[in-house]
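*Asks:* Would you mind keeping the following structure in view while I ask a few things?
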Amino acid sequence: PFRFIAAWRQAPQYARPLDTALRQVVANLPRLRGRTAILVDVSGSMDHPLSVKSDMTRIDAASALAVCYPGDCDVYSFSNSLVKVDSFEGLGGIKSIQTSQSHGGTQLGTALRSLPSGYDRIIVITDEQSSDRVLMPDCKHSYIINVASYQPSIVYGKTVGITGFSENVSSYRDWE
7 PFRFIAAWRQ APQYARPLDT ALRQVVANLP RLRGRTAILV DVSGSMDHPL SVKSDMTRID
67 AASALAVCYP GDCDVYSFSN SLVKVDSFEG LGGIKSIQTS QSHGGTQLGT ALRSLPSGYD
127 RIIVITDEQS SDRVLMPDCK HSYIINVASY QPSIVYGKTV GITGFSENVS SYRDWE
């Protein structure tokens with residue numbers, strides 16, 4: 007699904023069929039059970055490229071990943087504050103996430119404290135450059151996906167940490 011962004015940038019005249027195709031891909035993915043909050047880091051550090059060879063930024067990867075979770079999901083962006091993104095499907099959803107607020111600091115701890123309760127799962131997509139103390143709220147399942155180009159790994163614990171972005175992140179399905 008992440009190549010849809012690159013195609014959209016190279017051929018904006020094909021936005022409508024690309025959007026349709028992206029929505030079809032997402033519709034065919036397994037639905038997440040329960041209520042899910044997806045928090046997308048839109049801070050200034052997310053404007054950096056994924057790697058020196060990539061045409062995608064960290065925010066491109068994070069927002070594309072956020073629109074790929076079908077189910078009862080709420081998407082929020084965070085930088086200096088937490089903002090709920092009402093429309094987060096398809097290419098328009100990617101743009102809505104990216105433009106939902108200014109790309110300032112990274113206050114993940116503040117965002118998590120501001121998050122409404124009642125979610126079964128919390129997925130944070132970030133580069134983990136938070137400037138405040140991060141404590142995950144109490145919920146059944148919590149995940150932090152680090153899209154920065156560090157060594158890939160999956161660390162299991164109370165919060166599952168997935169570091170090192172690749173397109174295979176979208177196929178991770180151990181969400182329960």
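In my numbering, the protein residues as written are 7 to 182. Cβ atoms here follow ideal geometry from the backbone N, Cα and C, with glycine treated the same way.
#1: Using the rule of at least 16 other Cβ atoms within 10 Å of the residue's Cβ for burial, across every protein chain shown, is leucine 97 buried or exposed?
#2: Is threonine 112 closer than 9 Å to serine 85 when the C-beta atoms are compared?
#3: How far does the alpha helix (DSSP H) with serine 120 in it extend, from its first residue to its last?
#4: Give me the Cβ distance between glycine 115 and leucine 141, rounded to the nearest whole Å; I'm assuming they're in contact under 8 Å.
#5: Counting only the same chain and skipping the five closest in sequence on each side, list residues whose C-beta sits under 8 Å from that of asparagine 152.
#6: Bridge partners for serine 93 per DSSP, in chain order?
#7: If contact is defined by three or more beta carbon pairs under 8 Å, each pair taking one atom from either stretch, is the stretch 141-150 in contact with the stretch 49-61?
*Replies:* Let me lay it out:
#1: Result: buried.
#2: The Cβ-Cβ distance between serine 85 and threonine 112 falls below 9 Å.
#3: Counting along the chain, the alpha helix (DSSP H) containing serine 120 begins and ends at 114-120.
#4: Contact flag correct, Cβ pair sits at about 7 Å.
#5: Taken in chain order, the residues that qualify are Thr132, Asp133, Glu134, Gly167, Ile168, Thr169, Gly170, Phe171.
#6: According to DSSP, serine 93 bridges with nothing at all.
#7: Taking a cut-off of 8 Å on C-beta distances, the stretch 49-61 does not touch the stretch 141-150, as fewer than three cross pairs fall below it.
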